[in-house]
Each structure stands twice: as C-alpha cells, then as structure tokens.
Amino acid sequence: MSPVLVFVGLLGVAFLGGFGRRGTFSLGLGAEYLVAGMIVGPAILGLVNRETLNGFQPLIVMGLGWLAAVVALRHGTFAGKFVGRKVYWSGFLASSLNVVLVGVGAYFLATKSGLFGASDARVFAVVIGSALCGTSDGGGHSAQGAGHRHFRLRSGLGNAAMAPPLLILAGVIAVAPLPVDTPVPIWAWALAGPVLGIVFGVTVAALLGNELRYGEFWPVFVGAVLLSSGLSVRFRVPLLTTAFALGLCVAALSPLRSKVRVLVQKTEAPLLLPLVVLGGALAIWPTTRTEWQLIFSIVVLRFVVHYLTGRGLASAFRSEGVNAHDMSMSLLPLGSLGLGVAAAVSFRQPGQLGASVLVSTCVVAVLGDLLGARALDRLFGKLDGGVPSLPPAADATDAEATAPVDPKGGQEVAHE
Amino acid sequence: MSSSGPRPWTHRLVQALSLGVVLAILLALSQFGPAADALGGTTAAVGLLLLVGVLMSEVLDLIHLPHLTGYLAAGALAGPHLLHMVDHETVGKLSQVNTLALTLIALAGGLELRLDTLREVKKTLIRATIVQSSLGLVGGVAVFLLARPFIPFLLAVPMSAAFGISLLWGVLAISRSPSAVLAILSQTRASGPLTRFSLAFVMSSDIVVVLCMAGAMVVARPLIEPGAAVSLQSFEALGHEIYGSICVGTTLGVLLAMYLRFIGGYLILILVLFGFGFSEGVNYLHLDPLLTFLTAGFVVQNFSSSGDRLLHAIEETGAIVFVVFFATAGAHLDLPLLRTMWPVALVLCGSRALITFGCHWLSSRWANDTPVLRRWGWSSLMSQAGLTLGLSLVVERLYPEFGTPFRSLVVATVAMNEVMGPILFKMGLDQSGESGKAAEPVIG
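Heads up: the protein sequence lines correspond to chains A and B, in order.
Our numbering runs 1 ahead of the 1-based position in the first sequence.
Our numbering runs 52 ahead of the 1-based position in the second sequence.
Set out below in structure tokens:
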C-alpha cells in the first residue's frame, strides 16, 4: 500500500480520535485500533509492508516525544486541580512496585526460557517492567465520570502511575551496553536524558514568559520537544524520559501552565490512536512455542501483580467506599504511555528483545481493555447507577481528593 | 505569527541567551556524539529549525528585520554549508514539508482574495499586470542578453539560442513569491491599500507567469533547437491543466465549505489531509496544485461564511509549517554557489529590482493610484522563491545542455531576492503605516 494512502488512513483514525471515539466498545486505550493495526500490518494481511512502516519511524518518534510531553504537562493534576497527596503517592508507589515485581519476574522467566543472555535479560526486565506497569487514567470515561469521586480517585492513581516507568526507564542505560565508545561514566549517561529534558524545559518556560503568543508558543514548544526527542534517539537514551522531563519542567516553571495544558491537551487523542494503529502494525509475532510461553507468562504475571496491587489500593482507600474487585480490575487496562515505551524500545533494540516487548505490550493492551473496561464502568457507576457523585461543594472539603501535591499546599492556579 | 506589541527587553535578552545556549549544546554534542542517523536526525532537525528559527527571528526583530529573514538565516546557519547541524540528506527529507506549506500558502492566498477587494483594486491590478508582464519581461530579456559576455553558457550558444534562453529568463524575472508576501502579512498583521494590492497582484501573477512560461517555451524552442517547429501542444496541455485545476479546486472548495458548515472541528487534520493526501491526488491528475488550492480557498472565502475561520486555522498551522518551510529553504541555500556567481547574480537582481520599480512607477501613474500605493507598491514585488525555482527545474529538464548552469544562476538570484524581498516589503508596510492595522486573532 502506498505510504500516502497509509498516511491518509492514519489521519482518518486521528480524526476519529479527535472526536472522542476512542473505542467502539468504550475501551480505554482503543484496543480495537491496535487489533486493526495488527490485521493490516505485515504480520497478518500484509496490506502495509514493513518497508512502508519503517518510513513512518521518524513520525512515530515525533509522536512519542510529543505524547510524553503532553502527558507530563498534566501529570499530578486532574481537571485543573492537583491530585490529592495520598492518592498521588499511593499511585506512584503502587506503580513502582509493579515495575519491580513484573521486572524481577520477567528476568526470571527470560533467563529460564533461554531466549536471552544475562545482559539482554536485564534489559528485557527493565523495559518490560516499565512498559507494563502503567495503567489507564480514565481515558474515554472522562465525559461520563468527571466529577465523580471514584473517577477522581481512579484517575489520580492512573495519572501518578505514569512517572515511575519513565524514571526507571532512564536507568536502562545502566544495564544495557553503552551504545557508543565514550569516556562518560554510565551514571552520567543515564542522567543525560532527564538533564536534556530539564535544560530544554527550562528554556521553553523562560521563552514563553508571562504572555502566551501563538506565533511563538507552538514553534518553541514543538521545536523543543522534537529537538530533545531527536537528540535522545541519536544518543540512544530513552526519548520518553527526556520528553517527560521537559513537560514536567514546563508544568512546574511556566506561569502559563494552565493555558499550555489546555492547548496541547487537544492533541493527545488525535495523536494517540494513529500511534496505537502503528504500534499494532509494527508487532512481529513470535514463531516459536518458547517465545509464546514467555509472552503469555509475562502477561499473566502482569495481570496478577496489578490485580493484587489494586486490592492493596482498595484497602488503603476503604473509606471511599470502593469495591475492591472493581478497583483491582479497573487497573488492568494499559496506560497510553505503555505502548509508547514498547514502540520506543522496539526501535532502540530491534530484534527479538524489542519484538517480545512490543508483542507482550500489545497483548496486555488488548486483554487489559477487554477485562478492565466494564470494571471502570462499574467503578464510575455507569452500569449499576452505583455510588452517587459528590456535590460540587464537597470538592473543597475533600482533603484527599483535592489536597495539592505542591509544597505551598494551594490548589493549582488557572487564572493566567 | 501574530504578536500583540513588542516584548520587553528582558525577554529579548532571554531569547538571545536561549539561542546561544541551544546552539552551544548542539555544537558540543556534535563534537563527541555519534553521527546523526535517519531516525533521530530528522526529528532533531525539525525541532532545531523550529526552535532556532523562532529565536533567530525574534533576535533579528530587534533591528526590524522580518521573521522570515530569521527563519532563512537559521536554516542557512544550521545547514550543511555553515555549522553542519543539518546535513544534505536531512534537508532533502524535510523538503516534504514544502508540499504541505505550499498547499497552505495557496489556500491562504485564495482566502485572502475577497471579491470586494478585487473589485476595489481592479483598475490598479489590471494595469500593473499588463505593465509588469510586458515591459518587465522585455526588460528582463534585454538585461540577460546584455550580460551575455559574463555568462559562460550563454556565450557558448549562437545569438538566436541566446535570445530564446533570455526569453525563459525574462519570464522567471517577472515571477513573485506568494509565500513570502503571506508570511510578512501574517507577521505584521497589515491592512490597507498596499496590503490589498500586494495580495491581489502576487496571487494572480502566479497564473500569469505560468501562462507566460508556456508561451515562452513555445517561442523559445525553435530558437534554441534549430529544426524544431512551433508547437501549440503546450497550450493545449496548459488549457487542460488550468481548466482541470479550477474545476477540482472549486469542488474541493465546496467540500471544504460544507465541512466547515456542518462539522467544523479538527481543522488542522483537514489541512494536513489537503497538504499530503489531496495534493498527491492533484499531482497524479497532472493539475497545478497552486491554482487548485488557490481556487478552493477563493470559493470558501467568497461563497461561504467560513473563510475567516479557515484562514485563522491556516495561520495557526502555519506558525509551525512556515518556520520549517523557510528554514529548510535557508538550509537549501547554496552558499558556495552564491560565492562563485554573486557578481552576475547581483547585476541581474539589481536590474530586476530597477525594472520592477520602473514598471510600478509607470503603472501606478497610469492607474492614478493613491500616494501610498505609488510610493510603496513595488516593495511586495521583489521576493522570489518556490515558483521561480520550480519553473527553473522545468527548464533544466527540458534543456539539459544548458539547464544546469541556468538553474544555478536562478538559484543564486532567488537566494538574493529571497533575502532582500521580505525586508523591503516589511519596510514598505511599516513606512506606509499599514503594519498592525488588521484585527488581532482571538487567542484562547
């Protein structure tokens, strides 16, 4: 199929995403788009060949960098307010625990399978842990659920869960062989990505100043994100971590953060769905039984770990009246950055390692959406009428839901 | 590319420092880092041109140079001939952005052509077109023939062939740059008689130049290739192209107007679809993309109520696309070539400027224009860019025996006009008091 036709098809998908049709079945990530990508890709129907897909790699890199920056801009906030401190740190710790448990389990499984050597197994453990530990932050439910107390809690947890995998991903340098012959120590190389993101983030915040001007804002912000992402790829440091650090810096330092967030937020859904389709098309299916066994073991491990973590979180927030099973099941859908991590790894580590990570993530994304979507609906009271929404005034008194993470303790200011 | 008053000096300082920091980081990284590969190289290059382009334009704004000059300078600085931050291969890949940029430029051009504006400047427009296309063409041919002793490839052919080649040059000399005019108007938010005349003239001159080039090719062929007969086939093909472009453009315009009326959201995606999808289809049909999208924009503006909305969406998208487009053009500038050909190129550029100025003087008196237009109307006619280069490529393919040096000379003169033209036009708008007169777009 001609690259132009593929591109036009992707624009069509983006168009659907733009109008909020994230999934016919109200699935979080849009698993049906992932499946559509797999079907038209070289693995099944072959309507789009691998050469054509490779031509889209620079666009995918740009998209992933932008997505990470957009997610970072809204990290720690929900509907213009900071996520409650307890909710945030609970989500952060649960996600970190998931990375460790899934990573350790994946290392054990990978070495047992004999598919990877010790060095590759370490890299595999870090990246698979990072790719699979995130969870959806509400996705397509925002229209129905905004204002619901459980939606606030669940979205806050999902939002906080985005940071740990990207921080841990920066450490992949420490376990992978250095990509270039350099006297720079490993720890400095591992810090290169976040430092690059911070430098460009500070630059963007300074350049935006106190007054938002379209003519400057878009080229400066897009330029900084793409430049830092491109440099990350060139220096073989994780581009998602770099772009995430950039977005966090802008959110922390720029007095225009609320306006910036509103402007760039509109781009997330139209960007995500084409990336999901391309992610599905890029997947290279395993050919041996051992590879399939490894992948399904990891998928099961991920679901078990997430379910148990969900139980723990439900007991921590017992006072909110959350159904423990629904809370645990609602954590199963994969977050938007999970597939991004896997796609980025498949570029950085082409071959069996990258392919295994991408296929595992695709399987988790599809199954996670199927298993978790109904739980999310129940949690937000869509199917059974459920728990009543909080009255608007309660927001101000609900310390858990609205207590800011920032040290000053105030709510996020949105008056610029 | 809107602005709402000048930034304070502290912010300018921050911009200058940021430019220094970004360039220093990139230079340092290029010293010890691995070579740029295709994957990271293209992404980093787009980001670099955007960031450095905007910073450079803001810094040059201090001395009242147009933003476009800043983008060109950023591209030239970062490009393969100076700092080598963007290599030749990446510059070639980035040229794909040109398709999108030219579509946006043509659409915006059509949207700017309001019927009432055209009626208002009808007399001036017709007379200026007649004078610039006839005397301008004759002047361009004469100067090129006079410069024959200094142009080696012209000296190597007989006088009749030299006249044929000069005729082709003359047509290129009367071509203008819609992209430069739109970029300057977008930056300055100008409004007034000079703005209206410039838009109407430069947009319509594209069609005139395409027609003139077809005519010049018919006449020049038997002069350049002895034995070749005058063939009217070119006109037949051109007729089909123009008719087809207007028909398809009208259809696209109607579809676009219906979309704006009944759906309206995510215009940026629609514009990208136009830029890559539809322009591919238009090329496949051997139509002229510029005329097609110009017509589409004209239909939306004059036969629906959504023209201004679409124009605003194009300006938003253009804030990114135009920076990359002009910065890539800057990176494309063949500086070594300019170093070798600058004396001849300078003479040709200077004479073109004088001829354009003289033609404007004559036509504005003939049309009894307002004093502002008489004084500054020439300023928008100096820029040259994409169309000129595109037509020179056609000449190169048609006449390989002298096409390459001919095109090199075109590239060298376009480089000069591309840099000087926008500066002169911005000066004209500033001096005539039209800068900043248009309504500010709503920023939400």
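By construction, the Cβ of each residue, glycine as well, lies at the ideal position given by its N, Cα and C atoms.
Taking C-beta pairs closer than 8 Å, name the residues in chain B that residue 219 of chain A reaches, listed in chain order.
For this step, residue 219 of chain A is matched to residue 218 along the first sequence. Simply 368, 371, 372.
Can you check whether the C-beta of residue 338 of chain B is within less than 8 Å of a C-beta belonging to chain A?
Here residue 338 of chain B refers to the residue found at position 286 when the second sequence is read from its first residue. Not closer than 8 Å to any Cβ of chain A, the Cβ of residue 338 of chain B fails to qualify, so no.
How long is the line joining the alpha carbons of residue 71 of chain A and residue 348 of chain A, rounded to whole angstroms?
By 1-based counting over the first sequence, the position of residue 71 of chain A is 70. By 1-based counting over the first sequence, the position of residue 348 of chain A is 347. Looking at the two C-alpha atoms, the distance is approximately 21 Å.
Would you call the segment 62 to 80 of chain A and the segment 215 to 231 of chain A in contact, with 3 or more CB pairs under 8 Å?
A contact exists between the segment 62 to 80 of chain A and the segment 215 to 231 of chain A.
Note down, in chain order, all residues in the segment 322 to 338 of chain B with a beta-carbon under 7 Å from any beta-carbon belonging to chain A.
If the cut-off is 7 Å between Cβ atoms, the segment 322 to 338 of chain B has 324, 325, 328, 329, 332 near chain A.
If I follow the unbroken alpha helix (DSSP H) through residue 490 of chain B, where does it start and stop?
As a position in the second sequence, residue 490 of chain B is number 438, starting the count at 1. Unbroken run through residue 490 of chain B: none, as it is neither H nor E.
Does the structure place the segment 361 to 378 of chain B close enough to the segment 90 to 110 of chain B that three or more beta carbon pairs sit under 8 Å?
Judged by Cβ distances under 8 Å, the segment 90 to 110 of chain B makes contact with the segment 361 to 378 of chain B, as three or more pairs qualify.
Where DSSP assigns a beta bridge to residue 79 of chain A, which residues make up the other side?
Counting from one through the first sequence, the residue named residue 79 of chain A turns up at place 78. Looking at the DSSP assignment, residue 79 of chain A forms a beta bridge with A:82.
By the DSSP assignment, the alpha helix (DSSP H) with residue 121 of chain B in it spans what residues?
For the purposes of this step, residue 121 of chain B is taken as the residue at position 69 of the second sequence. Per DSSP, residue 121 of chain B belongs to the alpha helix (DSSP H) from 119 to 130.
Cutting at 8 Å between CB atoms, please list the residues of its own chain near residue 115 of chain A, excluding the five before and the five after it.
To locate residue 115 of chain A, count along the first sequence from 1; it is residue 114. So the qualifying residues of the chain are 291.
Distance check for residue 51 of chain A and residue 445 of chain B, CA to CA, integer angstroms please.
Counting from one through the second sequence, the residue named residue 445 of chain B turns up at place 393. Counting from one through the first sequence, the residue named residue 51 of chain A turns up at place 50. The straight-line gap from Cα to Cα measures roughly 33 Å.
Could you tell me which of B:337, B:367, B:157, B:80 sits nearest to residue 241 of chain B, measuring between CA atoms?
Here residue 241 of chain B is taken as the residue at index 189 of the second sequence, counted from 1. Ranking the options by Cα distance to residue 241 of chain B, first place goes to B:367.
Under 8 Å between beta-carbons, which chain B residues line up against residue 200 of chain A? List them in chain order, please.
Translated into positions along the first sequence, residue 200 of chain A becomes position 199. Here the neighbours are 73, 77.
In chain order, what residues of the same chain have a beta carbon less than 8 Å from the beta carbon of residue 309 of chain B, not counting five sequence neighbours either side?
Walking along the second sequence from the start, residue 309 of chain B turns up at place 257. The residues are 351, 352, 355, 356, 358.
Identify whether residue 350 of chain A lies in helix, strand or coil by the three-state DSSP scheme.
Looking up residue 350 of chain A in the first sequence gives position 349. Residue 350 of chain A falls in the coil class under three-state DSSP.
What does residue 57 of chain A touch in chain B if you count any residue whose Cβ is under 8 Å from its own?
The residue you call residue 57 of chain A lines up with position 56 of the first sequence. Within chain B, no residue comes near residue 57 of chain A; the closest Cβ sits about 11 Å away, beyond 8 Å.
With residue 411 of chain B as the anchor, note down where its alpha helix (DSSP H) starts and where it stops.
Reading the second sequence from its first residue, position 359 is the one you call residue 411 of chain B. Unbroken alpha helix (DSSP H) run through residue 411 of chain B: 387 to 418.
From this set, A:7, A:273, A:80, A:193, which residue's C-alpha is nearest residue 246 of chain A's C-alpha?
Against the first sequence, residue 246 of chain A aligns to sequence position 245. Nearest C-alpha to residue 246 of chain A: A:193.
Leaving out five residues before and five after residue 266 of chain A in sequence, what residues of the same chain have Cβ atoms less than 8 Å from its Cβ?
As a first step, residue 266 of chain A must be located in the first sequence, where it is residue number 265. Closer than 8 Å at Cβ, skipping near neighbours: 71, 74, 75.
Is the shortest distance between the beta-carbon of residue 267 of chain B and the beta-carbons of chain C less than 8 Å?
In the structure shown, chain C cannot be found, because the protein chains are A and B.
In whole angstroms, what separates the C-alpha of residue 433 of chain B from that of residue 231 of chain B?
Taking the first residue of the second sequence as 1, we reach residue 433 of chain B at position 381. Taking the first residue of the second sequence as 1, we reach residue 231 of chain B at position 179. Residue 433 of chain B and residue 231 of chain B: Cα-Cα distance of roughly 12 Å.
Can you list the alpha helix (DSSP H) stretches of 4 or more residues lying completely in the segment 45 to 130 of chain A, in chain order?
51 to 56, 58 to 74, 86 to 114, all fully within the segment 45 to 130 of chain A.
Using 10 angstroms around the beta-carbon of residue 474 of chain B, count the other beta-carbons present and answer buried if the total reaches 16, otherwise exposed.
What you label residue 474 of chain B is simply residue 422 of the second sequence in a count that begins at 1. When all chains shown are included, residue 474 of chain B counts as buried.
With a threshold of 7 Å, establish whether the CB of residue 45 of chain A neighbours any heavy atom of the ligand SAM.
Because no ligand of any kind appears in the structure shown, any question about the ligand SAM cannot be addressed here.
Please state the DSSP three-state secondary structure of residue 266 of chain A.
Indexing the first sequence from 1 puts residue 266 of chain A at position 265. Note: residue 266 of chain A maps to helix in three-state DSSP.
Check whether the Cβ of residue 204 of chain A lies closer than 8 Å to any Cβ atom in chain B.
Looking up residue 204 of chain A in the first sequence gives position 203. Residue 204 of chain A counts as touching chain B.
Start and end of the alpha helix (DSSP H) containing residue 204 of chain A?
Taking the first sequence and counting its residues from 1, the one referred to as residue 204 of chain A is at position 203. That run of the alpha helix (DSSP H) goes 187 to 209.
Taking Cβ to Cβ, would you say residue 354 of chain A is nearer than 8 Å to residue 5 of chain A?
Position 353 of the first sequence, counted from the first residue, corresponds to residue 354 of chain A. Position 4 of the first sequence, counted from the first residue, corresponds to residue 5 of chain A. Contact flag unset, no.
Ordered along the chain, which non-local residues of its own chain (more than five positions away) have a Cβ less than 6 Å from that of residue 332 of chain A?
For this step, residue 332 of chain A is matched to residue 331 along the first sequence. Within the same chain, residue 332 of chain A has close Cβ partners 136, 307, 311.
How would you call residue 141 of chain A, buried or exposed, if buried means at least 16 neighbouring beta carbons within 10 angstroms?
For the purposes of this step, residue 141 of chain A is taken as the residue at position 140 of the first sequence. Bear in mind that a pLDDT of 47 at residue 141 of chain A, under 50, signals an unreliable position, so the model cannot answer this.
By Cβ distance below 6 Å, which residues in the same chain neighbour residue 325 of chain B in space, the five residues on each side in sequence not counted?
What you label residue 325 of chain B is simply residue 273 of the second sequence in a count that begins at 1. Taken in chain order, the list of residues that qualify is empty.
Let me see if you follow: with CB-CB separation under 8 Å, is residue 96 of chain B close to chain A or not?
Within the second sequence, numbered from 1, the residue matching residue 96 of chain B stands at position 44. Interface residue, yes.
Does any residue of chain B have a CB that is nearer than 8 Å to the CB of residue 9 of chain A?
Taking the first sequence and counting its residues from 1, one reaches residue 9 of chain A at position 8. Residue 9 of chain A counts as touching chain B.
Please classify residue 275 of chain A: is it buried, with 16 or more other beta-carbons within 10 angstroms of its beta-carbon, or exposed?
Taking the first residue of the first sequence as position 1, residue 275 of chain A is located at position 274. By the neighbour-count rule (16 or more Cβ atoms within 10 Å), residue 275 of chain A is buried.
Could you say which of A:43, A:9, A:339, A:195 lies nearest to residue 250 of chain A if we only look at CA atoms?
Start at 1 with the first residue of the first sequence, and residue 250 of chain A comes out as number 249. Looking at the Cα atoms, A:195 is the closest of the given residues.
Is the shortest distance between the beta-carbon of residue 91 of chain A and the beta-carbons of chain B less than 8 Å?
For the purposes of this step, residue 91 of chain A is taken as residue 90 along the first sequence, with counting starting at 1. For residue 91 of chain A, the answer is no, since every Cβ of chain B falls outside 8 Å of its Cβ.
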